[in-house]
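Residue numbers (this note's numbering): 1 to 307.
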C-alpha cells in the first residue's frame, strides 16, 4: 500500500485497518513514527520503498510509546535498516526488558475491553537492547527539522509523546487521543471519525491523560492524526480537541479510574488492587440459564415421547 499524504511531508500508513504508522519527511531524509503490531516488517519496508525509492531507509524510528500495537515491528525494521529507535526515557523500562506495562483493565466495559481479554500480550514489555535510545531532553526529534518537536503526553503510558509541527499546526498524537471512538458496539462498527479519548482498558492514569489532552488542545491543531482512526482536519480538529479537553468522560468504573498506576524509571512501581470482574458472574448466570432451559426442554421432550 502506498502511504497517503495528509499534510506536506506527512504520510499516513494504515496497517490492517487497525493502527497507523507515519513517514515524516522526504527522500532526502525521513523518520518512521510507530510500526504497528509484530509481523509488519515487509509491509512497512515496501511502503517506504514506494514512497521514497527502493532501498530508502529512515534516519530513525520514533515511538510515541511502546505498546505492542505501535512498537511490534520496530526492532526488526531497525535491525534491517541499521537505524536507532527513539522513545521517551520513561518508556525505556518497557523497551529494555525491565518491566511490563500495567495489565489491561477489562472491567471498564464495552466491546473493546472484552476483546482485550484475549490479547494480554499487548501489555508485555520488549527488549530492544542498545537499539533503543532516549529522546533528547530539549524536545527535538532526531532525524527531523526544527519545525518538529515532541510533546510529553503521559497518561496512556508514562512516557507517551506526541509530535507537533507548529508552522501548519499538525499534530501526530499517537494514543494520547484517538480519532475513532471504540468504546461502544455501534461506534466500533461505524468507525466514525471524531476526536476521542484514549482507549479506556489500556489507560492507567486518567488524571494525567486529561492534562495531556488539555495541553494538546491548547495548541489549537488544524490537523489531528492519531494511532487509531482517520485524520481530522481544519476546524473539526481544533474544535474536537477543545471539546474533548472540556468534556472528557473517564470510565464509570475500572481498576485505574479512581487510583492510577504509578511509575518510575524502572517501570511499574505500584498497581491499584484488581477490582471485581462482573463478567464471570454474568457468564455463569447465562450458562446456568442455558443449562436449565436445555434441561426443561429435555424433560418436556421425554414426556411427549411417553404420551
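The beta carbon of each residue, even a glycine, is placed where N, CA and C say it ideally should be.
Straight-line gap, residue 46 to residue 63 (C-alpha atoms, nearest Å): By one-based count along the chain shown, residue 46 stands at place 46. By one-based count along the chain shown, residue 63 stands at place 63. Cα to Cα, the separation comes out at about 20 Å.
For residue 263, the residue or residues it bridges with in DSSP: As a first step, residue 263 must be located in the chain shown, where it is residue number 263. Looking at the DSSP assignment, residue 263 forms a beta bridge with 268.
Helix, strand or coil at residue 284 [DSSP, three-state]: Taking the chain shown and counting its residues from 1, the one referred to as residue 284 is at position 284. Summary for residue 284: the model assigns pLDDT 34, below 50, so the residue's position carries little reliability; its value from the coordinates is reported in the next sentence. Note: residue 284 maps to helix in three-state DSSP.
Alpha-carbon spacing of residue 196 relative to residue 233, whole angstroms: What you label residue 196 is simply residue 196 of the chain shown in a count that begins at 1. What you label residue 233 is simply residue 233 of the chain shown in a count that begins at 1. Approximately 14 Å, taken between the alpha carbons.
CA-to-CA distance, residue 60 to residue 219, given in whole angstroms: For the purposes of this step, residue 219 is taken as residue 219 along the chain shown, with counting starting at 1. For the purposes of this step, residue 60 is taken as residue 60 along the chain shown, with counting starting at 1. Whole-angstrom Cα-Cα distance: 26 Å.
Reduced DSSP category for residue 257 - H, G, I as helix; E, B as strand; rest coil: The sequence position of residue 257 within the chain shown is 257, counting from 1. Residue state, collapsed to three classes: coil.
DSSP three-state assignment for residue 181, whether helix, strand or coil: By 1-based counting over the chain shown, the position of residue 181 is 181. Coil.
Distance, residue 227 Cα to residue 202 Cα: Here residue 202 corresponds to residue number 202 of the chain shown, with the count starting at 1. Here residue 227 corresponds to residue number 227 of the chain shown, with the count starting at 1. Straight-line Cα distance between these residues: approximately 14 Å.
Beta-carbon contacts of residue 90 that lie in its chain and below 6 Å, excluding the five residues immediately before and after: Mapped onto the chain shown, residue 90 falls at position 90. Answer for residue 90: 158, 159, listed in chain order.
Three CB pairs or more closer than 8 Å across the stretch 162-177 and the stretch 75-94: Between the stretch 162-177 and the stretch 75-94 there are fewer than three C-beta pairs closer than 8 Å, too few to call the two in contact.
Cβ-Cβ distance between residue 224 and residue 237 below 8 Å: Numbered from 1 along the chain shown, position 224 holds the residue referred to as residue 224. Numbered from 1 along the chain shown, position 237 holds the residue referred to as residue 237. Contact flag set, yes.
Touching by the beta-carbon criterion (3+ pairs, under 8 Å), the stretch 255-274 and the stretch 102-112: Cβ pair count under 8 Å is three or more, so yes.
Cβ-Cβ distance between residue 26 and residue 9 below 8 Å: Walking along the chain shown from the start, residue 26 turns up at place 26. Walking along the chain shown from the start, residue 9 turns up at place 9. Yes.
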